[in-house]
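The structure under discussion appears below in the form of structure tokens.
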Amino acid sequence: MKKQFVAALMALMMVPVSVSAEDADISMELNYEAAPEDYEGTWTLVNAYTADDGILEVAPDACTLEIELSIDANKLVDEAAYIHADATNLQGTMSFNHDDIDVEDYKCSASWENWTTVDVVGEGECNFSGADKFKIRDDDEGVFFDVITGVEIDDMELFDVIGLNADGQLIVGYSEDHIEKDADAEWSYAYIFEKAE
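For the sequence shown, UniProt numbering assigns the number 1 to the initial residue and increments by one for each residue that follows.
Right, here's the structure in full:
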């Protein structure tokens, strides 16, 4: 009887815990007004998301993402009008702290031309906002989603979008409908980070 209880308990521990986005009070909608400066800092993974399961709990402190701005000085931001301005990119480092993950930190980047809004004001002035395409140099090609969440996704695509929600949480994930440009698109799966204090 004791062995059966232990086996049942172990089986329950293997089932991923998920709650609806509404119950978890987490918005998966992007803030398309967010400025590049809002992305700067150290972010700690707090939840994950799949379109099928909703919000998922994650292993505590399993992943950290550090983001800083990098500037392409005097970039040709409007080729047709031959206008130059400083262009803002994101550079990042994704690190893992989990017993089942043993890799070097992943380098990440987002380029200025892929922001939701690239507003060329005039010579020397260009504003950027919204979400961006995000490249993670990911040896696992799934940022260990199955290890950290307990959820396996068949034919998982690389996480390729970074954005902020209305509550200032950072979302990094995959959307087959290009959510970085289309507010009606949806996330397929994602990690959700909060800024470290």
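No residue lacks a Cβ here, since even glycine has one placed at the ideal position from N, Cα and C. This structure is a prediction, so every number in the text was calculated from the model and none was measured.
Check: Own chain residues within Cβ distance below 7 Å of E194, not counting five before or after; Outcome: W43, T44, V46 and Q169
Check: E125 (DSSP reduced to helix, strand or coil); Outcome: strand
Check: Pair within 8 Å by beta-carbon distance, F134 and T117; Outcome: no
Check: D138 vs Y106 beta-carbon contact at 8 Å; Outcome: yes
Check: Extent of the continuous beta strand (DSSP E) to which V151 belongs; Outcome: It is not in any beta strand (DSSP E) - V151 carries neither H nor E in the DSSP assignment.
Check: Three-state secondary structure assigned by DSSP to F96; Outcome: strand
Check: Limits of the beta strand (DSSP E) - the one that S175 falls within; Outcome: Neither: S175 is in no beta strand (DSSP E) and is coded neither H nor E.
Check: Cβ-Cβ separation, V121 to T50 (assumed contact under 8 Å), whole Å; Outcome: With a Cβ gap of about 39 Å, T50 and V121 do not count as contacting.
Check: Distance between I148 and E157 (C-alpha atoms, nearest Å); Outcome: 16 Å
Check: Residue range of the beta strand (DSSP E) that includes S70; Outcome: C63 to D78
Check: Beta-carbon spacing of residue 198, L69 below 8 Å; Outcome: Here the chain covers residues 1 to 197 and nothing more, so residue 198 does not appear.
Check: Strand pairing of W43, partner residues [DSSP]; Outcome: L65 and K195
Check: Helix, strand or coil at D38 [DSSP, three-state]; Outcome: helix
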